[in-house]
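Take a look at the structure set out below.
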Amino acid sequence: METKTKSRVLQEFQEVTKTIMNPALKKEKDKGTKVIGYFCSYGPAEIITAAGMIPFRIRAVGSTGTDLSDAYLSSINCSFCRNALNMGLAGDYDFLDGLIVLNNCDHVRRIYDNWRRKIKTPLVQMMSLPKKITDPSIQWYYDEINILKKAIEDKFNVKITDDKVREAIKLHNETRRLQRKLYDLRKKDNPPITGADTLAVTVAATALPLKQYNPMLKELIDDLSKSEGVGKAKARLLVIGGVLDDPEFIKVIESTGGLVVTDVLCFGTKDFRAEINEKMKDPIAALAKYYIADRPSCPRMFGDQPRRAQLVKDLVKEFKVDGVIGERIVFCDIWAGEIYMLDDDLKEAGIPLLKLDREYIMAGAGQVRTRIQAFIESMGR
Amino acid sequence: MSKVEKARLDNQLERLKGDKALLQAFVDMLAIDNSEEADLNRFVLQTVMNKYDEIMNCAENDIPFIAAYFANCPEIFTAMDVPWWIFLQTPFLGVSSPFLAADTDETAKMGWATDFCTVLRLAMFYVEKDLTPKPAGLIALLHPCDGTVVVHQAISKSKQWHDVPVFGADSPYWDDERSFKYYAEETDRMVEFVTKCTGKTLDINKLREVCKISNQTYALWAEYNELRKAVPCPHDWTMGPPQCFALACYYYPGKIEAVNWFKMLVGNAEKRVKAGTGMAAGEQIRALWFDILPIMWQFDLSPWLEQEWGVNIVMNMFGYTPYEPIDTTSKETMFHDLAKRSLCQVPMIRQARGVADNFLGDIERIVKDYKIDCVIWPGHMGHKDGNASIGMMREKCRDLGVPFLYIGLDLFDKRYTSIDDLKNKLSTFFEASGFKHK
Numbered sequence: 021m022e023t024k025t026k027s028r029v030l031q032e033f034q035e036v037t038k039t040i041m042n043p044a045l046k047k048e049k050d051k052g053t054k055v056i057g058y059f060c061s062y063g064p065a066e067i068i069t070a071a072g073m074i075p076f077r078i079r080a081v082g083s084t085g086t087d088l089s090d091a092y093l094s095s096i097n098c099s100f101c102r103n104a105l106n107m108g109l110a111g112d113y114d115f116l117d118g119l120i121v122l123n124n125c126d127h128v129r130r131i132y133d134n135w136r137r138k139i140k141t142p143l144v145q146m147m148s149l150p151k152k153i154t155d156p157s158i159q160w161y162y163d164e165i166n167i168l169k170k171a172i173e174d175k176f177n178v179k180i181t182d183d184k185v186r187e188a189i190k191l192h193n194e195t196r197r198l199q200r201k202l203y204d205l206r207k208k209d210n211p212p213i214t215g216a217d218t219l220a221v222t223v224a225a226t227a228l229p230l231k232q233y234n235p236m237l238k239e240l241i242d243d244l245s246k247s248e249g250v251g252k253a254k255a256r257l258l259v260i261g262g263v264l265d266d267p268e269f270i271k272v273i274e275s276t277g278g279l280v281v282t283d284v285l286c287f288g289t290k291d292f293r294a295e296i297n298e299k300m301k302d303p304i305a306a307l308a309k310y311y312i313a314d315r316p317s318c319p320r321m322f323g324d325q326p327r328r329a330q331l332v333k334d335l336v337k338e339f340k341v342d343g344v345i346g347e348r349i350v351f352c353d354i355w356a357g358e359i360y361m362l363d364d365d366l367k368e369a370g371i372p373l374l375k376l377d378r379e380y381i382m383a384g385a386g387q388v389r390t391r392i393q394a395f396i397e398s399m400g401r
Numbered sequence: 212m213s214k215v216e217k218a219r220l221d222n223q224l225e226r227l228k229g230d231k232a233l234l235q236a237f238v239d240m241l242a243i244d245n246s247e248e249a250d251l252n253r254f255v256l257q258t259v260m261n262k263y264d265e266i267m268n269c270a271e272n273d274i275p276f277i278a279a280y281f282a283n284c285p286e287i288f289t290a291m292d293v294p295w296w297i298f299l300q301t302p303f304l305g306v307s308s309p310f311l312a313a314d315t316d317e318t319a320k321m322g323w324a325t326d327f328c329t330v331l332r333l334a335m336f337y338v339e340k341d342l343t344p345k346p347a348g349l350i351a352l353l354h355p356c357d358g359t360v361v362v363h364q365a366i367s368k369s370k371q372w373h374d375v376p377v378f379g380a381d382s383p384y385w386d387d388e389r390s391f392k393y394y395a396e397e398t399d400r401m402v403e404f405v406t407k408c409t410g411k412t413l414d415i416n417k418l419r420e421v422c423k424i425s426n427q428t429y430a431l432w433a434e435y436n437e438l439r440k441a442v443p444c445p446h447d448w449t450m451g452p453p454q455c456f457a458l459a460c461y462y463y464p465g466k467i468e469a470v471n472w473f474k475m476l477v478g479n480a481e482k483r484v485k486a487g488t489g490m491a492a493g494e495q496i497r498a499l500w501f502d503i504l505p506i507m508w509q510f511d512l513s514p515w516l517e518q519e520w521g522v523n524i525v526m527n528m529f530g531y532t533p534y535e536p537i538d539t540t541s542k543e544t545m546f547h548d549l550a551k552r553s554l555c556q557v558p559m560i561r562q563a564r565g566v567a568d569n570f571l572g573d574i575e576r577i578v579k580d581y582k583i584d585c586v587i588w589p590g591h592m593g594h595k596d597g598n599a600s601i602g603m604m605r606e607k608c609r610d611l612g613v614p615f616l617y618i619g620l621d622l623f624d625k626r627y628t629s630i631d632d633l634k635n636k637l638s639t640f641f642e643a644s645g646f647k648h649k
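Structure representation (structure tokens):
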């Protein structure tokens with residue numbers, strides 16, 4: 021199965037996912053635009069945009085090993101972090117003017133400590149992300165966003181006004197609306213785009229200036245709306261799990277005849293399912309509320325598991341999903357627990373679940389393929 | 212109580228009774244030793260057994276108790292007169308080793324990833340298999356690691372405990388006034404929760420008295436830690452940080468029993484320092500074991516370390532916690548200081564929750580103050596943050612001029628790294644560092 025449209029835009033998005041530095045980003049860098057990296061989708065990218073800079077979500081695509089980071093992280097740390105830190109140590113992230121890290125997990129929070137000691141990024145800022153969804157925790161994150169805002173202002177001598185934040189929120193919300201529109205196309209019985217290509221589209225949003233990305237995505241959606249479908253799938257699948265930014269992984273899944281029609285990923289649905297309230301008087305308060313309370317939560321958020329499980333069940337209905345693939349990067353405690361709990365919820369709802377441990381860098385494609393094939397067969401497809 | 216209820220209760224208390232029987236055997240063994248050190252240890256073991264009795268009594272007589280942690284401001288529970296316990300204490304005690312390997316294997320059958328902290332998997336197992344008495348409320352620990360957040364969420368959704376009310380105090384990442392204030396407010400909400408679960412209320416005057424006693428306890432603990440700086444260290448592996456932690460932070464927080472025990476401990480240590488008495492085997496290497504002590508290996512490893520290499524673990528993560536006294540002026544000052552203690556002073560939380568500067572600073576202080584010859588980071592498989600800190604630890608030790616060893620262990624499962632492998636690694640390290648075999 022493949023996406024039938026021969027869209028130039030789709031090819032550009034696919035190219036973007038294959039490297040860290042892409043031509044559009046390089047052009048901006050050459051013009052003197054600053055680029056701020058962030059490690060987690062809870063990082064308020066809108067603040068970076070409002071500062072006139074480009075937010076760039078950290079990935080480790082193209083990593084060729086962990087020789088450098090092995091001196092700092094052990095073999096029982098997540099392979100995403102080991103590869104990302106390795107790239108940082110190798111100088112692949114020297115183009116960053118700043119980096120935002122959150123205490124989103126035990127592996128990533130130590131990246132902050134290692135990065136600021138070893139890599140000369142001009143601004144390395146840590147944010148304390150609450151673990152509960154309550155009014156006081158929203159207020160806490162409101163303060164954290166303001167601390168970040170001030171750090172960027174002070175470091176780069178810029179003023180991030182409320183108007184600029186509002187403008188940035190509008191821009192990011194537009195991305196979210198467009199991505200939802202793209203996903204709506206996947207609800208069709210014969211969707212016009214594969215899961216692998218969709219992931220390329222959403223990943224590209226985290227690596228391109230959104231002012232360029234949004235019109236490109238509009239164009240792609242227009243193309244896809246007129247395009248024929250990818251073909252008959254053996255099974256419609258939903259992928260849920262930890263950091264997944266490699267379309268090749270989805271390609272392997274889809275090489276079995278299954279089609280990934282939706283996901284609960286932080287490079288996907290979690291990033292656009294909800295929107296930031298544009299009408300709130302204080303735009304920082306709107307950001308805090310969105311990130312803590314409104315967007316689908318990460319399993320690190322305590323007490324919100326029922327809502328997360330409900331989201332999976334809702335998506336299964338909306339996208340007519342036959343089975344769920346729960347992927348986890350080995351050594352990730354957060355997703356170990358989440359998938360364990362989800363197993364019960366999906367069993368109760370009669371939805372098949374395949375638990376799949378993996379490494380960040382695609383390896384053992386044959387093994388993954390075999391397991392997916394067996395999963396699809398077990399669903400009688 | 213119906214037959215079914217009785218059978219269920221028996222199942223819930225089975226592990227506790229097993230632990231207690233083993234503890235009793237240790238107490239009996241110590242009874243033939245008339246030394247002060249044996250008295251001190253006997254008291255600790257008896258205290259642990261008393262806790263078992265307290266919880267079993269609650270379970271058998273329908274008295275509400277809560278499941279909580281030493282990092283949940285336990286002085287408050289003392290002041291409220293609420294029975295509480297750490298329901299995953301069984302694997303921590305190490306006395307349950309006859310069950311532990313089989314229990315650990317069972318956790319894998321439950322479908323839980325085996326790279327997840329063994330002790331937390333076991334906690335889940337005890338709940339799911341109904342092998343621990345059901346509390347009236349569960350206070351989840353949301354720090355220091357991902358595992359604790361996740362496992363409490365899973366427990367509160369489990370078949371056995373899904374109807375147990377749960378509360379988790381949200382812990383900020385920083386160690387500043389804003390964080391203490393936030394966590395103090397969370398602690399206030401925790402008190403409301405405990406009241407709802409148990410019917411017990413908090414009397415601030417009672418809390419003040421409890422905090423005063425707690426301050427005495429911690430002052431004595433600090434005094435004892437000063438004495439451990441002596442060369443040779445007054446105590447060997449059989450006495451020190453684990454006992455101090457257990458009594459001050461868990462079994463007797465803010466209770467006079469802890470003060471009395473610490474007085475005895477300090478007295479004993481003073482005598483030994485004056486006499487220049489250290490461990491019997493002769494102290495050659497003063498080590499910092501920067502994690503939970505090797506509980507599962509205690510009887511295999513600790514005597515070997517002493518006899519083969521003259522190693523004394525002079526300090527560890529559970530012993531070095533420079534506590535500040537609680538200001539008892541008002542409710543606000545007490546909650547502020549209790550929050551501060553729970554957030555960034557109690558063991559494991561202090562080292563693992565916040566930024567790396569916290570534990571790196573501790574390593575530096577301990578190496579200098581305790582005249583440490585080498586630092587050992589066992590690298591427990593559940594401590595992912597610590598495992599992501601090995602480079603920083605190594606560099607810190609290099610700067611301090613002390614050798615550093617990273618091992619890679621499961622502190623709760625001896626099969627992860629065999630005892631022979633462990634001894635080999637340690638021997639190679641000591642030899643390479645120029646230490647002499649005894």
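Chains D and X, in that order, are what the protein sequence lines are. Under the numbering used here, think of the first position of the first sequence as 21, with each following residue one higher. Under the numbering used here, think of the first position of the second sequence as 212, with each following residue one higher. Backbone N, C-alpha and C fix where the C-beta goes; we use that ideal spot for every residue, glycine too.
Distance between residue j and residue i (C-alpha atoms, nearest Å)
i	j	result
D:P142	X:A365	40 Å
D:E368	D:K333	11 Å
D:M321	X:S600	24 Å
X:A334	X:F298	7 Å
D:D217	D:Q31	9 Å
D:Y161	D:K246	43 Å
D:A205	X:W588	Note that residue 205 of chain D is Leu in the sequence shown, not Ala. Spanning the two alpha carbons is a distance of roughly 53 Å.
D:V280	D:S157	35 Å
X:V477	X:A459	14 Å
X:R561	X:V361	20 Å
X:I537	D:R327	39 Å
X:I287	X:L349	15 Å
D:Y58	X:K231	51 Å
X:P275	X:L220	15 Å
Option in the options with minimal Cα separation from residue i
i	options	result
D:G52	D:F59, D:G72, D:T37	D:G72
X:T359	X:A563, X:A312, X:V259	X:A563
D:E298	D:K190, D:N234, D:A383	D:K190
D:A70	D:K169, D:I158, D:K140	D:K169
D:L307	D:K179, D:L45, D:A188	D:A188
X:S654	X:Q300, X:Y534, X:T318	The first residue shown for chain X is 212 and the last is 649, placing residue 654 of chain X beyond what the model contains.
X:M267	X:S246, X:Q223, X:C284	X:Q223
X:E225	X:S246, X:Y337, X:W295	X:Y337
X:L311	X:V484, X:L616, X:W508	X:W508
X:P294	X:N416, X:R219, X:T406, X:H363	X:T406
D:E239	D:L202, D:R256, D:K46, D:Q34	D:L202
D:F115	D:E48, D:I131, D:Q159, D:S95	D:E48
X:K423	X:T544, X:F570, X:M604	X:T544
Buried/exposed call for residue i, threshold 16 Cβ in 10 Å
i	result
X:I467	exposed
D:S148	buried
X:F510	exposed
X:K625	buried
X:A486	exposed
X:P309	exposed
X:A347	buried
X:M240	exposed
D:P43	exposed
Sub-8 Å separation of residue i and residue j beta-carbons
i	j	result
X:W472	X:L251	yes
X:R497	X:Y581	yes
Contact belief for residue i with residue j at Cβ below 8 Å, rounded distance in angstroms
i	j	result
D:I349	D:G262	5 Å
X:G379	X:L353	5 Å
D:L237	D:I213	With a Cβ gap of about 12 Å, D:L237 and D:I213 do not count as contacting.
X:F529	X:I503	7 Å
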